[in-house]
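Written out below as structure tokens is the structure these notes cover.
2 protein chains.
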Amino acid sequence: MTRNTSRNVTRGDATTWAGWFRALGDPTRILILHLLATEGRPMNVGEIVDVLDVGQSTVSHHLSILGETCFVHVERVGTASWWRINDRCLACFPSAAELIMGRLPLTVPWDEPVAGGACAPGEGC
Amino acid sequence: MTRNTSRNVTRGDATTWAGWFRALGDPTRILILHLLATEGRPMNVGEIVDVLDVGQSTVSHHLSILGETCFVHVERVGTASWWRINDRCLACFPSAAELIMGRLPLTVPWDEPVAGGACAPGEGC
DNA sequence: GTGTTCGATCGACCGATGTCGATGTGTGTG
DNA sequence: CACACACATCGACATCGGTCGATCGAACAC
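Protein sequence lines correspond, in order, to chains R and D.
Mapped onto my numbering, the consecutive letters of the first sequence carry residue numbers 5 to 129.
Mapped onto my numbering, the consecutive letters of the second sequence carry residue numbers 5 to 129.
As structure tokens, this is what we get:
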């Protein structure tokens, strides 16, 4: 996607931003994120299924969504998938809210390259 | 709803938080919020319909959702409805993200009474 | 009074989404 | 090799959600 740096907010911009919020718009995904954040370590699918009261395929599905929006990362080793919070995306997420409210210029902070690689929700990082 | 001040995040908490994010999870609502924020003044439904390329009933519907989650306020005078951004809710919204990530204690800032009335997304204020 | 304007509400349509159980796929083990 | 395990993917189902046109109700103008 080409990034819009003009002053006008297009419906495309709005769709992108809405996608980030929608990723957080489900209770199960909130619980998964909170679990990963409070545990402070990578967890595999089975562990998450044991804590949450939902099926394995459902957890896998939600992790996939969180991964696409870049809120979590996965590292596959053997038969296990180790999922962990993407701290960088969480740090820039409050900026997304202010961006929507017009409190930030449309050239957003995460446009600047950062050591370790820039990252924003919605980008495949 | 009784507010949970314990250390555990229940599915009820997660549902409440997810509701706030879901309110921002639609492009049209993002555009409405951005419009109200950048205009910096109350707007009526007709004005918003003229700017956005959606029907009047759709705009009215979205404004209602944003009102329920307390992101906007409405003042009805005559036949007009004047909608405006709820600055207080926007200020505390980034805290909601950090709350989910376990960076804030569950006794959140907006529990503290504030002159003019406390307010949080999800509360009828 | 009649007519007009503004906005909320209704009903319908249809695509998106959350959930589950079942199956598939790749990895490791004996 | 066969088998077990962890996870992704599939198919089905029910529900939710966004949109529209039409209608309704209240306030205003004449």
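C-beta: ideal position from N, C-alpha, C; glycine also.
With a cut-off of 7 Å, does the C-beta of residue i fall near any C-beta of chain R?
{"i": "D/D30", "result": "yes"}
{"i": "D/G84", "result": "Reading the sequence as shown, one finds Ala at residue 84 of chain D and not Gly. No, because no Cβ of chain R sits closer than 7 Å to the Cβ of D/A84."}
For a contact meaning CB atoms closer than 9 Å, what does residue i contact in chain D?
{"i": "R/V13", "result": "I34, L35, H38, L39 and T42"}
Would you say residue i lies against chain D (beta-carbon separation less than 7 Å)?
{"i": "R/A131", "result": "Because chain R spans 5 through 129 in this model, residue 131 of chain R falls outside it and cannot be assessed."}
{"i": "R/M105", "result": "yes"}
{"i": "R/A95", "result": "no"}
{"i": "R/R45", "result": "no"}
{"i": "R/R80", "result": "no"}
{"i": "R/F75", "result": "no"}
To the nearest whole angstrom, what separates the beta carbons of residue i and residue j, a pair I think is in contact under 8 Å?
{"i": "D/I34", "j": "R/W21", "result": "6 Å"}
{"i": "D/M105", "j": "R/L37", "result": "7 Å"}
{"i": "R/W86", "j": "R/V78", "result": "7 Å"}
Residue i touches chain D at which residues, Cβ-Cβ below 7 Å?
{"i": "R/T19", "result": "P31"}
Decide if residue i is buried, meaning its Cβ has at least 16 other Cβ atoms within 10 Å, or exposed.
{"i": "R/R92", "result": "buried"}
{"i": "R/D17", "result": "buried"}
{"i": "R/A101", "result": "buried"}
{"i": "D/V55", "result": "exposed"}
{"i": "D/V81", "result": "exposed"}
{"i": "D/N12", "result": "exposed"}
Which residues of chain R have a Cβ atom closer than 9 Å to the Cβ of residue i, listed in chain order?
{"i": "D/R26", "result": "F25, R26, L28, G29 and D30"}
Are there three or more Cβ pairs, one per stretch, closer than 8 Å when the region 45 to 62 of chain D is compared with the region 67 to 83 of chain R? Flag = no, the region 45 to 62 of chain D and the region 67 to 83 of chain R do not touch.
Are at least three pairs of beta-carbons, each pair with one atom in the region 27 to 36 of chain R and one in the region 24 to 41 of chain D, less than 8 Å apart? Remark: three or more beta-carbon pairs, one from each stretch, lie closer than 8 Å, so the region 27 to 36 of chain R and the region 24 to 41 of chain D are flagged as touching.
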